[in-house]
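First up is the structure itself, then whatever we jot down about it.
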Amino acid sequence: GATWVVQNTGVQNLFASIHFRNETTGYISGGSLIVKTTNGGASWTSLSAPYISFETIRDITFTDDMTGIAVSDAGRILKTTNAGANWALIPSGTVESLFGIYFTDANTAFICGNNGTILRTTNAGLNFTGQTSPLAEILTDIWFTSASTGYISSWSGKILKTTNGGVTFIIRISTEVPE
């Protein structure tokens, strides 16, 4: 991280998320597209993301070299099982903007979004179900430190925490600002 080199993707776009599987293969999402590199960013290829036109793909992640999930600000979930060559639309059950996704293992994932949206899958993204959220505001990102402990950040500075694998989330408010 001492030096950074600009790498041109060849497209003019707002990028929202980046995910690298290893040193050479990575994906960037944003606007209505997904781009992929297989040579460490020396060149990028636009991937076909059907169903996406005037929305932003907010987050993208992969559980292995072939299987990935992307979420958009129109409540859409896209899934690939062939390293991004094709994407299928997975019903989300919401029209709320989706912002963050995290897999705790190859089968279990959580998605967070607008208006307190929390979605969960336990079958590798074949379908998602809604979860109860203690907040009705924009949930911006999600991260798990273990299979049982996870955190969701909110637009207003609140943090949700689960200690039971996402069965429930509680509001964790701190009066101290980290240094």
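Position one of the sequence shown corresponds to residue 4 (our numbering), numbered consecutively onward. Even for Gly, the Cβ is constructed at its ideal location relative to N, Cα and C.
{"Check": "Relative to the alpha-carbon of A52, which residue among F102, D76, A91 has its alpha-carbon at the smallest distance?", "Outcome": "A91"}
{"Check": "Please report the distance separating the alpha-carbon of S156 from that of S20.", "Outcome": "16 Å"}
{"Check": "Given a cut-off of 8 Å on the beta-carbon distance, is the pair T120 and T143 in contact?", "Outcome": "no"}
{"Check": "What's the gap between the Cα of N167 and the Cα of F147?", "Outcome": "11 Å"}
{"Check": "Give the single residue among A77, T59, F18, G33 whose Cα lies nearest to the Cα of N118.", "Outcome": "A77"}
{"Check": "Look up G119 in the DSSP assignment and say whether it is helix, strand or coil.", "Outcome": "helix"}
{"Check": "Span of the beta strand (DSSP E) holding D144?", "Outcome": "142 to 147"}
{"Check": "Starting from L138, follow its DSSP beta bridges and name the residues at the other end.", "Outcome": "DSSP output for L138 lists no bridge partner at all."}
{"Check": "Residues bridged to A45 by DSSP?", "Outcome": "Note: A45 sits in no beta bridge, so no partner."}
{"Check": "To the nearest angstrom, how far is it from the Cα of Q134 to the Cα of G160?", "Outcome": "21 Å"}
{"Check": "Considering only the beta carbon of each residue, do L101 and V74 sit closer than 8 Å?", "Outcome": "yes"}
{"Check": "Excluding five sequence neighbours on each side, which residues of the same chain lie with their C-beta closer than 6 Å to the C-beta of P165?", "Outcome": "Per the sequence shown, the amino acid found at residue 165 is Thr instead of Pro. So the qualifying residues of the chain are G153, F172."}
{"Check": "By a C-beta neighbour count over all protein chains shown, 10 Å radius and 16 as the cutoff for buried, is S149 buried or exposed?", "Outcome": "exposed"}
{"Check": "Would you list the one or two residues that DSSP bridges to T64?", "Outcome": "I72"}
{"Check": "For K164, write down the residues that DSSP places opposite it in a beta bridge.", "Outcome": "Y154, I173"}
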